[in-house]
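Trainee: In this note's numbering, the protein residues as written are 1 to 168.
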Amino acid sequence: MVEMSSATPSRRRLLMLSGIGLLSALSGCTTVDIFGDDSGLAEDKTDAALPLTNAVRAGSGLGPLSGDRSAQGAAMVQAKRMARAGTMSHLIGFNDSFLSRMKSAKVTLPAAENIAVGQEETERAVHAWVVSQKHLKNMLGDYRGLGVAVARDPASANRPYWAMVLSS
C-alpha cells in the first residue's frame with residue numbers, strides 16, 4: 001500500500017495520473033481483447049484425451065464421456081488465454097469469471113475445468129490431472145462432455161498450456 005503523504009511529488013503526480021487514466025478507461029464501458037487474434041494458437045486435443053480420461057473413469061466404475069463441442073471451444077479459449085498471459089490460472093485479467101466463460105461458450109452447467117502447464121504430450125497432461133486429487137475429482141464427477149486443448153505462445157517460450165473442460 002502506498003501512502004500519499006510519504007510519496008514524493010513526482011510519485012504522487014504519477015499515481016494521480018494513473019488513477020485518472022484508469023477512471024477514463026473504465027468510464028468508456030468498452031472491452032478490448034488484449035490477446036488479439038490468435039485463432040491458430042490452440043490445438044484441440046479432445047480426441048487424444050478422451051480414451052485416457054474414459055479409462056480412468058471406467059476404473060472407478062463410471063460411464064464414458066463424449067466429446068462436447070462447447071467444452072472443446074471453452075478449453076481452446078482458456079488454453080490460449082493462459083499461453084498469451086504466460087501463466088497457468090483459471091482467472092486471468094480484471095473481472096474474470098469461470099461461470100461467465102462457461103456461459104459464453106454455451107457449456108452445459110454444471111461444469112469443471114482442469115488446467116496444467118509444461119507437459120509436452122496429452123498423456124502427460126492427463127496423468128498430471130490424475131495424480132492430483134482435486135483434478136481427479138473433477139474427472140470422476142457427474143459429467144457427460146469433455147473438451148481438451150493445448151496452446152503455446154512464442155512470447156511465453158512456447159510452453160504448453162493445457163485446459164480440460166468437463167460439461168454436464
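Cβ coordinates follow ideal geometry from the N, Cα and C atoms, glycine included.
A quick note: this is a predicted structure, and the numbers were derived from the prediction, not measured.
Is the Cβ-Cβ distance between residue 140 and residue 71 less than 9 Å?
Mentor: No, Cβ-Cβ distance for residue 140 and residue 71 is not below 9 Å.
Trainee: Can you grab the Cα-Cα spacing for the pair residue 119 / residue 63, in whole Å?
Mentor: Cα to Cα, residue 119 sits roughly 27 Å from residue 63.
Trainee: Going by DSSP, what residues sit across from residue 164 in a beta bridge?
Mentor: The partner list for residue 164 (beta bridge, DSSP) reads 114, 148.
Trainee: Does DSSP put residue 43 in a helix, a strand or coil?
Mentor: In the structure shown, residue 43 sits in a strand (DSSP, three-state: E or B).
Trainee: Between the region 124–132 and the region 95–103, can you find at least three pairs of beta-carbon atoms closer than 8 Å?
Mentor: Because the criterion of three Cβ pairs below 8 Å is not met, the region 95–103 and the region 124–132 do not touch.
Trainee: Between the C-alpha atoms of residue 82 and residue 134, what's the straight-line distance to the nearest angstrom?
Mentor: Computed Cα separation, rounded: 20 Å.
Trainee: Could you compute how far the alpha carbon of residue 44 sits from the alpha carbon of residue 78?
Mentor: C-alpha separation (whole angstroms): 12 Å.
Trainee: Over the uninterrupted alpha helix (DSSP H) stretch that includes residue 123, give me the two end residues.
Mentor: Residues 122–130.
Trainee: Given that a residue counts as buried once 16 or more other Cβ atoms are within 10 Å of its Cβ, and exposed if not, what is residue 61?
Mentor: Residue 61 comes out exposed.
Trainee: With a cut-off of 8 Å on the beta carbons, I'd call residue 117 and residue 165 a contact; round off their distance for me.
Mentor: The Cβ separation is near 16 Å, so there is no contact.
Trainee: Starting from the C-beta of residue 152, find all residues in its chain whose C-beta is less than 8 Å away, skip the five residues before and the five after it, and write them out in chain order.
Mentor: Answer for residue 152: 41, 83, 158, 159, 160, 161, listed in chain order.
Trainee: Would you report the Cα separation of residue 96 and residue 148, rounded to the nearest angstrom?
Mentor: About 20 Å.
Trainee: I'd like the list of long-range same chain contacts for residue 27, defined as Cβ closer than 8 Å, with 5 residues on each side in sequence excluded.
Mentor: The predicted position of residue 27 is uncertain, since its pLDDT is 34 and thus under 50; no value can be drawn from it.
Trainee: Just reading off the alpha helix (DSSP H) that residue 141 is part of, what are its end residues?
Mentor: Residue 141 -> no alpha helix (DSSP H), and no H or E assigned at all.
Trainee: To the nearest angstrom, how far is it from the Cα of residue 114 to the Cα of residue 155?
Mentor: When rounded, the distance between both Cα atoms is 23 Å.
Trainee: Using a beta-carbon distance below 9 Å, is residue 82 in contact with chain D?
Mentor: Of the protein chains in the structure, only one exists, and it is not chain D.
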